[in-house]
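Participant: Before we start, here is the structure in question, set down as structure tokens.
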Amino acid sequence: MSDIHLDDRVAIVTGGSRGMGREMGEAIIEAGGRAALLTPEAEELKETVDEIASNHGADKVMALPYDILDYGQCERAVAETLEYFGALHGVVNNAALGQLNVIAPGADDTNCKFFEADPERWAQVIRVNVVGTYHMCRAAVGHLKDQGWGRLVNVTTSIGTMQRSGNSPYGPSKGAIESETLVFAADLVGYGVTCNSLIPGGAARTKFVPEAYYKTRDLVEPSIMRVPIVWLLSDLSDEHTGGRYVANRWDHGANDPSLAAEAAKEPPVFNPPPEGRLD
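Here the sequence shown stands for residues 113 to 391, numbered as in this note's numbering.
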């Protein structure tokens, strides 16, 4: 990571108070950037920001206690980031709800067939994961376009997770975000703003998975997202958009960070349309 410097770049990281969001926020700061951490869980957010500020300085991190379901709050998050840091260069859409939000906190398993799910809880996961991602991109993109440079990074999941029986609505919601990545990237061609997807490459040791999985599954650590997110937010990724990068495939031994990124890239979830067909 010492080969990549973010030169005071500023990024908003949603779901930034814990897990992968916190790891990515700290990685941004340690690479010379600044991070605005966003979550509606205000008390946990304050604790996280206070701790990071004590380690790195209060001028490197800020708290945004907002809910991505409310577009007005997303707009305020962008405005407050610009006011506090005087800049904004990217958004990392990490906040999401998972299967446990459909079943019950503390459940031993996340399996839930679509016809067993509570319709309102099912819809809430879609709203947070899909609409929330759109809200943050929409709130920030005007500024990013105006300055001619920016980054949108959407955290998604493995293809198997999107397709597995009993993994609804989480799987479908992440499939929708992959489509958002491709559409937003295409919409932004010519503006200097890229949009890419980043996935950990396996179930991560976070509150998304039941504690029972900790003993029975080989989980990846949230810190696996650190190096990839710094590359995606840097100048080194200028020519890369609409991509999908798998964090646990990153070649940390590569001398060239872009070669490491290329090794971690996999094809889009959706095949391109046949030649001549865009409808």
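Virtual Cβ for every residue (Gly too), placed ideally from N, Cα, C. Keep in mind that this is a model prediction, so the values were computed, not measured.
Per DSSP, which residues does S309 bridge with? Please list them.
Facilitator: The residue you call residue 309 lines up with position 197 of the sequence shown. In DSSP, S309 forms a bridge with N266 and R356.
Participant: Would V173 and A143 be called neighbours here (beta carbons separated by less than 8 Å)?
Facilitator: Along the sequence shown, read from residue 1 onward, the residue named residue 173 stands at position 61. Along the sequence shown, read from residue 1 onward, the residue named residue 143 stands at position 31. Going by C-beta atoms, V173 is not nearer than 8 Å to A143.
Participant: Does the beta-carbon of P385 have 16 or more other beta-carbons within 10 angstroms, so that it is buried, or is it exposed?
Facilitator: Counted from its first residue, the sequence shown places residue 385 at position 273. P385 comes out exposed.
Participant: Pull up the DSSP beta-bridge partners for L176, would you.
Facilitator: In the sequence shown, residue 176 corresponds to position 64, counting from 1. Answer is L150.
Participant: Please list the terminal residues of the continuous alpha helix (DSSP H) segment that includes I271.
Facilitator: Here residue 271 corresponds to residue number 159 of the sequence shown, with the count starting at 1. Its alpha helix (DSSP H) spans residues I271 to Q275.
Participant: Quick one: using the 10 Å Cβ neighbour count with 16 as the cut-off for buried, is G155 buried or exposed?
Facilitator: Within the sequence shown, the letter at position 43 stands for residue 155. The identity of residue 155 in the sequence shown is Glu, whereas the question assumes Gly. Exposed, since its Cβ has fewer than 16 Cβ neighbours within 10 Å.
Participant: Which partner residues of G302 appear in the DSSP bridge assignment?
Facilitator: Position 190 of the sequence shown, counted from the first residue, corresponds to residue 302. In the DSSP output, where bridge partners are listed per residue, G302 has none listed.
Participant: Assign A189 to one of three DSSP states: helix, strand, or coil.
Facilitator: In the sequence shown, the residue the question calls residue 189 occupies position 77. Three-state DSSP puts A189 in a helix.
Participant: If distances are taken between C-alpha atoms only, which option among P369, T222, P312 and E378 comes closest to E135?
Facilitator: Numbered from its first residue, the sequence shown carries residue 135 at position 23. It is P312.
Participant: Do G392 and N206 have their CB atoms nearer than 8 Å?
Facilitator: The shown model of the chain, from 113 to 391, leaves out residue 392, and the question about it has no answer.
Participant: Once you ignore the five residues that flank P340 on each side, which residues in its own chain have a CB closer than 6 Å to its CB?
Facilitator: By one-based count along the sequence shown, residue 340 stands at place 228. Around P340: L310, Y357, A359 and W362.
Participant: Which residues does DSSP list as the beta-bridge partners of I124?
Facilitator: On the sequence shown, residue 124 is found 12 positions in, with the first residue counted as 1. Answer by DSSP bridge pairing, in chain order: A148 and V203.
Participant: Inspect the CB distances between the stretch 195-202 and the stretch 226-234 and report whether three or more fall short of 8 Å.
Facilitator: The answer is no - the stretch 226-234 does not touch the stretch 195-202, with fewer than three Cβ pairs under 8 Å.
Participant: Would you decide whether A191 is buried or exposed? Buried here means 16 or more other CB atoms lie within 10 Å of its CB.
Facilitator: Working through the sequence shown from its first residue, we reach residue 191 at position 79. Answer is exposed; the Cβ neighbour count stays below 16.
Participant: Spatial neighbours of P177 within its chain, please: C-beta separation below 6 Å, excluding the five flanking residues on both sides.
Facilitator: Numbered from its first residue, the sequence shown carries residue 177 at position 65. The residues are A154 and L157.
Participant: Restricting to Cα atoms, I'd like to know which of A376, P379, D347 and P369 is closest to R121.
Facilitator: Sequence index remark: in the sequence shown, residue 121 carries index 9 (1-based). Answer by Cα proximity: D347.
Participant: Compute the Euclidean distance between the alpha carbons of N383 and A376, then round it to the nearest angstrom.
Facilitator: Taking the sequence shown and counting its residues from 1, one reaches residue 383 at position 271. Taking the sequence shown and counting its residues from 1, one reaches residue 376 at position 264. So the alpha carbons of these two residues sit roughly 18 Å apart.
Participant: How many Å lie between A189 and G302 at the Cα?
Facilitator: Here residue 189 refers to the residue found at position 77 of the sequence shown. Here residue 302 refers to the residue found at position 190 of the sequence shown. Each residue's Cα considered, the two are about 26 Å apart.
Participant: Check the Cβ-Cβ distances between T222 and every residue of chain C, and say whether any is below 8 Å.
Facilitator: Within the model displayed, chain C is absent; a lone protein chain is all it includes.
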